[in-house]
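For the sequence shown, my numbering assigns the number -13 to the initial residue and increments by one for each residue that follows.
Glycine is no exception: its CB is placed at the ideal position from the N, C-alpha and C atoms.
What you are looking at is a predicted structure, and each value in this text was computed from that prediction instead of being measured.
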Amino acid sequence: VIKNNSKLVCFAQSKPVLQSPKLYSREGRLFVSFRPNEKIFNEISITVGYEFNKENSITAKSGKFKYKFDIAQENFAWMADNKMEKKMINTMKKGSRIM
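See the structure below:
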């Protein structure tokens, strides 16, 4: 939990367990954020350590499920669909790997 301009921000982050190709050391992260003052809950975002190519889609997957990140800005991406965020969080709670 951090305080940003007198507003509380709570987040959890995860680093990748595996990385491919191994010769690059990029700082990828997956975040789940909560900003109660702004009524934002379960916001999922990712950063991958490089700028996203605007021509490619950004997806995460776990088993047969795919989760699309609709909004990209430089090296961060967010989901626009709150229902998808909730589904992805439920997948993570089950201990499933996200790729």
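Please state whether the Cβ-Cβ distance between residue i and residue j is less than 8 Å.
| i | j | result |
| --- | --- | --- |
| residue 63 | residue 44 | yes |
| residue 84 | residue 58 | no |
| residue 34 | residue 75 | no |
| residue 77 | residue 48 | yes |
| residue 12 | residue -7 | no |
Which one of the options has the shortest CA to CA distance from residue i?
| i | options | result |
| --- | --- | --- |
| residue 23 | 38, 55 and -10 | -10 |
| residue 38 | 20, -8, -6 and 55 | 55 |
Taking only the alpha-carbon atoms, compute the straight-line gap between residue i and residue j and give it to the nearest angstrom.
| i | j | result |
| --- | --- | --- |
| residue 60 | residue 36 | 8 Å |
| residue -1 | residue 15 | 6 Å |
| residue 72 | residue 50 | 16 Å |
| residue -4 | residue 42 | 30 Å |
| residue 69 | residue 4 | 27 Å |
| residue 29 | residue 79 | 15 Å |
| residue 40 | residue 53 | 17 Å |
| residue 26 | residue -12 | 15 Å |
Open item on the list: Please give the ranges of any alpha helix (DSSP H) in the region 16 to 80, keeping only runs that are unbroken, at least 4 residues long and fully inside the region.
Closed with: 68 to 79
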